[in-house]
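Engineer: Have a look at this one before I ask anything.
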Amino acid sequence: MTTAAEPAGVLICRNPATGDELARIPASSPTEVADQVNRARLSRRDWADRPWSDRRLALLRWHAELSRRADELADAVRAEIGKPRAEAMAAEVVPTLDALRWTIRHARRVLSPRIEAPGPQRWLLMPRARVERRPLGVIGVIGAWNYPILLNAPVIAHAIAAGNAVVWKPSERSSWCGALLQETIAAAGLPEGLVSIVQGGPQIGSALVEAGVDKMVFTGGLENGRRVLAALGGRGVPAVAELSGFDAAVVLPDAPDGPTMRALLWSSFLGAGQTCMAVKRIYLVGRRTEPLDPWIESFAQLVQGLRVGDPSREDVDVGPMISEEARAAFRRQVRAAIDAGARMCAGDGGPLGPGGFCRPILLVADPGETAPERALEGCFGPVVLVRVVRDVDEAVEAVNASNYGLSASVWGRDRRACRRVADRLEVGVVGINEATAFFALAFSPAGGVKASGFGRVHGAEGLLELTAPRTVVARSVGSPRPQVFPYSPRLGRLLGVYRRLFHR
């Protein structure tokens with residue numbers, strides 16, 4: 036957690052569990068942001084012309100430094116974001132190392148030119164084409180605070196692997212983690228100015244938008260994202276945007292209770308529920324409604340048993356929310372869901388002393404009652420809502436009713452049945468007996484649809500997002516060209532034969 040404080044231009048980073056000061060980070064000015072983008076543009080010209088071996092060597096050095104400082108980074112995430120240390124390592128630092136390793140091993144293949152043959156058009160003497168992937172220039176990155184390493188480092192790695200420069204802004208709530216990550220980048224031996232960090236709040240984000248980057252990768256909330264995208268659109272700057280989610284799990288009747296509950300417990304309350312792909316809705320297909328189904332009662336006991344406390348202790352499952360203000364906003368939204376008809380079956384939503392601590396909450400909505408879900412949509416905190424539905428059709432309708440479409444999951448023993456349900460869900464990522472961990476998969480793209488955003492990060496698709504295709508068509512100067520002046524009856528006969536052969 037970071038707060039602006041005197042003297043002006045300083046970001047004070049604090050532990051959300053204790054309020055203790057962690058570091059003081061100099062804030063950037065809008066002028067400095069523009070200067071960094073200009074420096075990046077100059078630096079990237081040489082970088083784009085360098086062979087893959089140079090880029091690979093830089094990525095290897097960065098990976099080695101990240102690995103060497105893995106414990107330090109996990110401790111920083113624990114202290115500044117409030118995650119248990121094991122979670123910071125398992126759900127952030129290690130997946131980041133995996134993402135860099137994937138980039139080192141596969142970027143050259145993904146970015147290699149390909150030859151496209153003319154197919155039937157060869158009968159019209161059309162040439163072949165070579166499709167190349169070219170760097171875009173300067174990539175702007177605006178990251179979110181909840182995963183300050185994992186949301187930023189893989190994108191930066193993809194950008195420099197593709198020959199781009201980067202100017203990135205971590206969230207002002209994770210300035211210390213951002214500064215430490217930039218230190219590891221400095222060990223890669225990149226050209227000066229190729230990857231620069233700017234620190235600050237919304238004003239600095241706006242300055243980065245206005246500084247003339249060639250593409251922006253934004254991760255954050257819906258309202259902030261819409262403002263950023265509107266400003267980018269006015270400048271004609273393309274973007275990749277991940278704007279949070281309201282993820283759902285569909286539990287089929289044959290899903291094994293124990294394993295499904297334990298997986299959904301973790302997926303709901305990872306990061307104190309402050310995870311874009313956290314499960315916020317669970318739809319139980321064909322379960323009992325009166326009295327309360329044993330599945331819900333057992334799940335409530337698991338929620339009640341989660342250990343909340345200072346993440347510096349090893350016997351803690353759930354740390355604090357990022358700030359007391361975030362907790363207050365979260366409690367208001369939970370109260371709105373209760374006022375709309377939800378019942379609280381675990382947790383009371385009350386504060387647990389100073390800081391952002393809050394007991395995990397399980398809400399239950401009556402069958403057919405959708406008002407609590409609408410009230411809870413977009414909630415960012417430790418809560419999950421359960422509703423019994425009649426059948427798969429009702430479950431699919433409920434999942435797709437949300438404005439968001441980041442990820443969802445289907446749970447059951449019959450994987451074919453799960454796949455049939457998954458195929459009907461309007462989301463960017465869907466899991467079968469898996470949820471939330473999607474973003475840690477270095478080899479597969481992640482991103483949403485509908486209000487959750489567009490574009491992809493990670494995997495080949497994430498790498499290609501930071502390039503532009505360029506088509507090179509070549510033929511010999513003297514090669515025959517039937518479709519040139521002067522037109523003749525022979526061309527008409529040739530096209531007639533072609534149509535009869537290939538377009539009947």
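By this note's numbering, the letter at position 92 of the sequence shown is numbered 127, and the numbering carries on one by one without gaps. Every residue gets a Cβ at the ideal spot worked out from N, C-alpha and C, and that includes glycine.
Would you list, in sequence order, the uninterrupted alpha helix (DSSP H) runs of no fewer than 4 residues that lie entirely inside the stretch 429-506?
Structural biologist: Within the stretch 429-506, the complete alpha helix (DSSP H) runs of at least 4 residues are 450-457 and 494-499.
Engineer: Please report the straight-line C-alpha distance between A472 and C414, rounded to a whole angstrom.
Structural biologist: Each residue's alpha carbon lies about 19 Å from the other.
Engineer: Among L305, S333 and V252, which one has its Cα closest to the Cα of P291?
Structural biologist: Of the listed residues, the one whose Cα sits closest to P291 is S333.
Engineer: Does DSSP put E41 in a helix, in a strand, or in coil?
Structural biologist: Caution applies to E41, whose pLDDT of 42 falls short of 50 and renders its modelled position unreliable; the model cannot decide the point.
Engineer: Could you pull out every residue in the same chain whose Cβ sits closer than 7 Å to the Cβ of L257, ignoring the five residues on either side in sequence?
Structural biologist: Cβ neighbours of L257 beyond the five flanking positions: L278, S279, G413 and A486.
Engineer: Is it true that the CB of N50 sits closer than 9 Å to the CB of A114?
Structural biologist: In this structure, N50 lies closer than 9 Å to A114 by Cβ.
Engineer: Quick check on DSSP: helix, strand or coil for W24?
Structural biologist: What is shown of the chain runs 36 to 539, which leaves residue 24 out entirely.
Engineer: Are A313 and G306 close, meaning C-beta to C-beta below 9 Å?
Structural biologist: Contact flag set, yes.
Engineer: Count the other CB atoms, across all protein chains shown, that sit within 10 Å of the CB of H316; report buried if there are 16 or more and exposed otherwise.
Structural biologist: The residue you asked about is not His; residue 316 is Arg in the sequence shown. By the neighbour-count rule (16 or more Cβ atoms within 10 Å), R316 is buried.
Engineer: So the beta strand (DSSP E) E277 belongs to, where does it begin and stop?
Structural biologist: Element bounds for E277: A274 to E277.
Engineer: Going by the CB atoms, is the gap between P162 and A509 shorter than 9 Å?
Structural biologist: In this structure, P162 lies closer than 9 Å to A509 by Cβ.
Engineer: Could you pull the start and end residues of the beta strand (DSSP E) that T254 belongs to?
Structural biologist: Element bounds for T254: K250 to T254.
Engineer: Please report how far the alpha carbon of E41 lies from the alpha carbon of C48, in whole angstroms.
Structural biologist: With a pLDDT of only 42 at E41, under 50, the local geometry of the prediction cannot be trusted, and the value read off the model is given with reservation. The alpha-carbon atoms of E41 and C48 are separated by roughly 13 Å.
Engineer: Any Cβ of chain C within less than 9 Å of the Cβ of L57?
Structural biologist: Of the chains in the structure shown, none is chain C; there is only one protein chain.
Engineer: When you compare the CB positions of L171 and G178, do they come within less than 9 Å of one another, or not?
Structural biologist: Cβ atoms of L171 and G178: not closer than 9 Å.
Engineer: Any idea what DSSP makes of G175, helix, strand or coil?
Structural biologist: Strand at G175.
Engineer: Counting beta carbon pairs with one atom in the stretch 65-75 and one in the stretch 223-233, are three or more of them shorter than 8 Å?
Structural biologist: Enough Cβ pairs lie closer than 8 Å, so yes.
Engineer: Classify T506: buried if its beta carbon has 16 or more other beta carbons within 10 angstroms, exposed otherwise.
Structural biologist: So T506 counts as exposed.
Engineer: Could you give the DSSP three-state label for L267: helix, strand or coil?
Structural biologist: L267 falls in the helix class under three-state DSSP.
Engineer: Would you call the CB atoms of E469 and V434 closer than 9 Å?
Structural biologist: Contact flag unset, no.
Engineer: Helix, strand or coil for A105, going by three-state DSSP, please let me know.
Structural biologist: In the structure shown, A105 sits in a helix (DSSP, three-state: H, G or I).
Engineer: On the criterion of 16 or more Cβ atoms from any shown chain inside 10 Å, does Q309 qualify as buried, or is it exposed?
Structural biologist: By the 10 Å Cβ count, Q309 comes out buried.
Engineer: Alpha carbon to alpha carbon, what distance is there between N181 and H593?
Structural biologist: Not covered by the structure: residue 593. The range shown for the chain is 36 to 539.
Engineer: Just mark A265 as buried or exposed, buried being the case when its beta carbon has 16 or more other beta carbons within 10 Å.
Structural biologist: With fewer than 16 Cβ atoms within 10 Å of its Cβ, A265 is classed as exposed.
Engineer: Would you decide whether I150 is buried or exposed? Buried here means 16 or more other CB atoms lie within 10 Å of its CB.
Structural biologist: By the neighbour-count rule (16 or more Cβ atoms within 10 Å), I150 is not buried but exposed.
Engineer: Out of G268, E360, R366 and V421, which one is the CA nearest neighbour of R322?
Structural biologist: It is V421.
Engineer: State the Cα-Cα distance for the pair T219 and G271, rounded to the nearest angstrom.
Structural biologist: Taking the straight line joining both Cα atoms gives about 33 Å.
Engineer: What is the DSSP secondary structure of L160, counted as helix, strand or coil?
Structural biologist: Correct three-state label for L160: coil.
Engineer: Beta carbon of A289, beta carbon of R448: below 9 Å?
Structural biologist: It should be pointed out that residue 289 corresponds to Asp in this sequence rather than to Ala. Yes. Within cutoff.
Engineer: In this structure, what does DSSP give as the bridge partners for V230?
Structural biologist: In DSSP, V230 forms a bridge with V201.
Engineer: Quick test of the definition: if touching needs 3 or more C-beta pairs under 8 Å, does the stretch 339-346 touch the stretch 387-400?
Structural biologist: With a cut-off of 8 Å, the stretch 387-400 and the stretch 339-346 count as touching, because enough Cβ pairs lie within range.
Engineer: Look at V275 and W330 and say whether their C-beta atoms are less than 9 Å apart.
Structural biologist: Cβ distance not < 9 Å, so V275 and W330 don't count as in contact.
Engineer: Whole-angstrom Cβ separation of L159 and Y533, contact assumed at under 8 Å?
Structural biologist: Confirmed, Cβ separation roughly 6 Å.
Engineer: What residues are listed by DSSP as bridge partners for D374?
Structural biologist: BP columns for D374 are empty, so no partner.
Engineer: What would DSSP say about V532, mapped onto helix, strand or coil?
Structural biologist: Here V532 sits in helix by DSSP.
Engineer: Put I150 into one of helix, strand or coil per three-state DSSP.
Structural biologist: Reduced to three states, the DSSP call for I150 is strand.
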